[in-house]
Amino acid sequence: MKRKPCLIENCDTCGLREKVVLCDISGSDLAEFQKIKRTLEYAPHQTVFYEGHLCLGLYLLCSGKVKLTRSSTRGRRQIVRILGPGELIEKHVFGERPFHEVTCETLEPSQVCVIEKERYLAVIHRNPQLAIKLIQLLSNEVGVNMDHLDQFTFKTARERLASLLLELGDRFGKKNDDHVRVGLTLKREEVAEMAGITVETAIRLLSVFRDEGVLEAFSLCLAGEGHFDYDAAESEHHRIQEEEHGGE
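Just so you know, the sequence shown maps onto residues 45 to 292 in my numbering.
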């Protein structure tokens, strides 16, 4: 699909700049950063890059949301993570084998900044504090990966799905009275992939969550943020079934 130049090209006016490690720079470094990056705009469900392809630089999400997926040799796909504005999509360009370890697909209109590796390293050499922040960012990523590994190793399907919904609510949710509405449109298959469970199990557990009043509608509205815990967790599929059967 055709990619268009991004509408937001000036880093000086970007509200995320001071919050994002990669571009928290100023003066001549910021001017150089403007020269070494390409900013692209993607429509929903476009692929930014594919797993196994050569990594051409650092990929930073300026706006929108994307999902990262990995595929097994048997063709099974796993959603690794969903990212929002200001998050670094791809970091493996720093490795010895600079190939994408995931496929990146947009979930909504998104803007992605691609930064040339070698020229960005030159900026880092002139800015040791930036290098330290980048190391901290990569270290935090290791911690996130370990947390995800613990979930798949030690938690039940119910606990994994509950943890996933809480994470989505924390990262993408908007509070409304005693509810948290998650600004994501996800298929049941995608929710199952992210939780590492079968679609059937996800449907059953979402149904239980809804029956217990923890979840409303499949647009993901968490009812009563504070009482969504693993013991109480489970509900949402009855409404899905009613909507699907009602539309037949």
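Beta carbons: idealized from backbone N, C-alpha and C, even for Gly.
With respect to the C-alpha of Phe93, the residue from Thr150, Lys81, Thr57 having the closest C-alpha is Thr150. Gly213 carries a helical assignment under DSSP once its states are collapsed to helix, strand and coil.
Ranked by how close their Cα comes to the Cα of Phe138, the residues Ile179, Val124, Cys148, Gly128 have Ile179 in first place. Leu249 is positioned such that its CB atom lies closer than 8 Å to that of Arg202.
Contact between Met238 and Ile123 holds, since their C-beta atoms are separated by about 4 Å, short of 8 Å. Restricting attention to Ala206, Ile241, Gln173, the CA atom closest to the CA of Val258 is found in Ala206. Straight-line measurement puts the Cα of Gly71 at about 42 Å from the Cα of Ser115. By the CB criterion at 8 Å, Ser154 and Lys109 fall inside the cutoff. Annotation: the continuous beta strand (DSSP E) that includes Lys81 extends over 81 to 86. Here the alpha carbons of Cys157 and Glu85 stand approximately 9 Å from one another. Here Leu112 carries a strand assignment [DSSP, helix/strand/coil]. In this structure Val64 is not in contact with Leu127, their Cβ atoms being roughly 12 Å apart against a cut-off of 8 Å. Rounded to whole angstroms, Cys55 and Arg204 show a C-alpha spacing of 38 Å. CA-CA distance, Gln78 to Leu181, rounds to 21 Å.
Val235 and His136 have their C-alpha atoms some 26 Å from each other.
If you ignore the 5 residues before and after Thr245, its C-beta comes within less than 6 Å of the C-beta of Ala201, all in its own chain and listed in chain order. Counting of Cβ neighbours within 10 angstroms places His89 among the exposed residues, the total staying below 16.
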